[in-house]
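Inspection log for the structure reproduced underneath, given as structure tokens.
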Amino acid sequence: MRLKLLPPSALSPDQRPLYDDMRQGIETNFKGFTAIGEGGELIGPWNLWLHFPKFGKPVWELVKALSTSPSLPRPVREVAILVTGAKFKSAYEIYAHVLVAELRGIADEKIATIIAGQRPGDLTREEAVAYDMASALVSGGVLPQLTYQQAVTFFGEGGTAELISLVGLYCMVSVTLNGYDVPVPEVESRG
């Protein structure tokens, strides 16, 4: 990891309100994976955003906008996030969202297939649309019209905008995590 973890006692006046807001958001909305260290330091993307509040605060606002009262079904969101994290081979992103996907009831076989960069054959229709859309977006180029139209049919214009924004956000999160070489946290084995 290229940036040290920031203990709460070392935060600057610019960092403190962002830390407090992110910590509250993590404790409320991001469960199932390690995001806060034993000393209260934020890990994963939150540490990076905390180091650079000029960039971190607006990104955090987008995270909150996409996490608070999402219109998309949670498994659909997780499929799109897993496709994105897998494309970028973002270790922390994959770690966190495999655990979240399991909590959302997505079967381990589906998760493993997505992480391997393949499309599972047993996706629900909504999950399949999310997979196809995320896969097309992270591959570059214009989203195919048919894929866009299927998303609008299943999720409406607002849900489609949410899905496109979600993929864009997690592209940025994955690139940021990779740029700072953020590892999977050391956690006890679930076995």
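Taking this note's numbering, the leading residue of the sequence shown gets 2, the next gets one more, and so forth.
We treat Cβ as the ideally placed atom computed from N, Cα and C, and that holds for glycine.
> DSSP beta-bridge partners for I37?
Replying inline: L43
> Is the Cβ-Cβ distance between L6 and E28 less than 9 angstroms?
Replying inline: no
>> On the CB-based measure, 16 or more other CB atoms within 10 Å of its CB, does M2 come out buried or exposed?
In response: exposed
>> For G38, which residues in the same chain have their Cβ closer than 7 angstroms to its Cβ, ignoring the five residues on either side in sequence?
In response: L6, I44
>> For I116, tell me which candidate among L104, A97, T125 has the shortest Cα-Cα distance.
In response: A97
>> Taking the straight line between their C-alpha atoms, what separation do you get for L154 and I82?
In response: Reading off the sequence shown, one finds Thr at residue 154, where the question assumed Leu. Cα to Cα, the separation comes out at about 20 angstroms.
>> Taking the alpha carbon of A108 as the reference point, which residue from E94, A92, F89, E128 has its own alpha carbon closest?
In response: E128
>> Rounding to the nearest angstrom, what Cα-Cα distance links E79 and Y171 in this structure?
In response: 11 angstroms
> Between P46 and the rest of its own chain, which residues show a CB-CB distance below 7 angstroms, the 5 nearest in sequence each way excluded?
Replying inline: V174, T177, L178
> Do L49 and Y181 have their C-beta atoms within less than 9 angstroms of each other?
Replying inline: yes
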